[in-house]
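**Q** One structure, as structure tokens, below. Some questions next.
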Amino acid sequence: MAAPTLHPESTAAEVSAALAALEDPKARAINERHGDDHGVNLTKLRAVAKLLKRNPELARELWATGGSPERLVALLISGPKDYSAADLDAMLRDARIPKVRDWLVNYIVKKSPHAEELRVAWFADPELAGSGWALTSERVIKRPEGLELSALLDQIEAEMQDAPESLQWAMNECLAQIGIHHPELRARALDIGERLQVLADYPTPPGCTSPFAPIWITEIVARQQ
Numbered sequence: 019m020a021a022p023t024l025h026p027e028s029t030a031a032e033v034s035a036a037l038a039a040l041e042d043p044k045a046r047a048i049n050e051r052h053g054d055d056h057g058v059n060l061t062k063l064r065a066v067a068k069l070l071k072r073n074p075e076l077a078r079e080l081w082a083t084g085g086s087p088e089r090l091v092a093l094l095i096s097g098p099k100d101y102s103a104a105d106l107d108a109m110l111r112d113a114r115i116p117k118v119r120d121w122l123v124n125y126i127v128k129k130s131p132h133a134e135e136l137r138v139a140w141f142a143d144p145e146l147a148g149s150g151w152a153l154t155s156e157r158v159i160k161r162p163e164g165l166e167l168s169a170l171l172d173q174i175e176a177e178m179q180d181a182p183e184s185l186q187w188a189m190n191e192c193l194a195q196i197g198i199h200h201p202e203l204r205a206r207a208l209d210i211g212e213r214l215q216v217l218a219d220y221p222t223p224p225g226c227t228s229p230f231a232p233i234w235i236t237e238i239v240a241r242q243q
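This is the structure we're talking about:
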């Protein structure tokens, strides 16, 4: 059976059928290397969302299916103001796939009126601390007023080296952003990165910036100058 032609009035079942028709073994192999569990090319997935247009009600139905492609589409066809703080907390706790969590935080939560409330709650929650640190990095860049940046560096210095991988990445990003955006703390951020050596050996493709904080900080600051 051919996949249905999608339009703004499409049902969740029709969207799921269309996404199933896009399943590609090569895309699945690539996605699975990053911890994701589907085989839909993300460019094609975005094209599906474009056909559906903004539709918060359909987004909730797609999210409820539990399928990762459906959830990614749901995030693309809804907006930050469509969800309460309780909605977003429940969604993050239910989202186990890295790409779904990443899009939820970056596309919805960071722009939500509930972002700061959730940042504080998640930062203190061991299960969701990585997302709390991701929201903290956003504040380090855009709204650092009120943040205790030195205290964040203290915590990174004490905990990052032994943190679980996803949390380690989030803390490392915060370290780099403090070093990039706050010159008065740059030397300390560089020193912490050099001593801890977190992600120092991470393979980086040509033309990309290493996630190793001292290299990351140095390269971005040089570009800005």
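Throughout the sequence shown, residue numbering follows the numbering used here, covering 19 to 243 in sequence. Backbone N, C-alpha and C define an ideal beta-carbon position, used for all residues, glycine too. All values derive from a computational prediction rather than experimental measurement.
1) Between the alpha carbons of E79 and V58, how many angstroms are there, rounded?
2) Which residue comes first and which comes last in the alpha helix (DSSP H) that contains R111?
3) Under a three-way DSSP split, which group does P182 fall into?
4) Within the continuous alpha helix (DSSP H) that includes E32, where are the two ends?
5) Mind checking T23: buried by the 16 CB within 10 Å criterion, or exposed?
6) If you draw a straight line from the C-alpha of L69 to the C-alpha of A92, how long is it?
7) Which residues in the same chain have their Cβ closer than 6 Å to the Cβ of W140, if we skip the five residues on either side of it in sequence?
8) Return the chain-ordered list of same chain residues with a C-beta closer than 7 Å to the C-beta of M19, the five sequence neighbours on each side being excluded.
9) DSSP on T222, reduced to helix/strand/coil?
10) Report, in whole angstroms, the separation of the C-beta atoms of L208 and G197, which I expect to be a contact under 8 Å.
11) Excluding sequence positions up to five away, which residues of its chain have a Cβ less than 7 Å from the Cβ of P26?
12) Quick one: residues in its chain with C-beta nearer than 6 Å to the C-beta of S96, no 5 flanking neighbours on either side, listed in chain order?
13) Just how far apart, CA to CA, sit E191 and A38?
14) Quick check: the Cα distance between A188 and V158, rounded to an integer number of angstroms?
15) Please report the straight-line C-alpha distance between S184 and A152, rounded to a whole angstrom.
16) Have a look at Q245 and E135 and give me their C-alpha separation to the nearest angstrom.
17) Tell me which residues share the same chain as A45 and place their Cβ nearer than 7 Å to its Cβ, disregarding the 5 neighbours each side in the sequence.
18) Please identify the residue among P144, W81 and A142 whose C-alpha is closest to the C-alpha of W121.
19) Which first and last residues belong to the alpha helix (DSSP H) in which K248 is found?
20) What does the Cβ neighbour count give for D180, buried or exposed, with the cut at 16 atoms within 10 Å?
21) So S86 is in the alpha helix (DSSP H); what residue range does that whole segment cover?
**A** Let me lay it out:
1) In this structure, the alpha-carbon of E79 lies about 19 Å from that of V58.
2) For R111, the enclosing alpha helix (DSSP H) starts and ends at A103 to D112.
3) Residue state, collapsed to three classes: coil.
4) Following the DSSP letters along the chain, one finds E32 inside the alpha helix (DSSP H) bounded by residues A30 to A39.
5) T23 is exposed by the Cβ-count criterion.
6) Each residue's Cα considered, the two are about 12 Å apart.
7) Counting only Cβ-Cβ distances below 6 Å, and skipping sequence neighbours, we find L146, S149 and G150.
8) Note on M19: pLDDT 45, under 50, position unreliable in the model; no value is reported.
9) Note: T222 maps to coil in three-state DSSP.
10) Right, their Cβ atoms sit about 6 Å apart.
11) For P26, where only same-chain residues beyond five positions count, the Cβ hits under 7 Å are L70, K71 and N73.
12) P74 and A77, listed in sequence order.
13) In a straight line, the C-alpha of E191 is about 35 Å away from that of A38.
14) Rounded to the nearest angstrom, the two C-alpha atoms are 13 Å apart.
15) When only Cα atoms are considered, S184 and A152 end up about 11 Å apart.
16) Nothing about residue 245 can be read from this structure; the chain reaches only from 19 to 243.
17) If we look at A45 and ignore the five residues flanking it on each side, its Cβ neighbours are G57, V58 and N59.
18) Relative to W121, the option among P144, W81 and A142 whose CA is nearest is W81.
19) For residue 248 there is no data in the structure shown, the boundaries of the chain being 19 and 243.
20) By the neighbour-count rule (16 or more Cβ atoms within 10 Å), D180 is not buried but exposed.
21) Residues S86 to L94.
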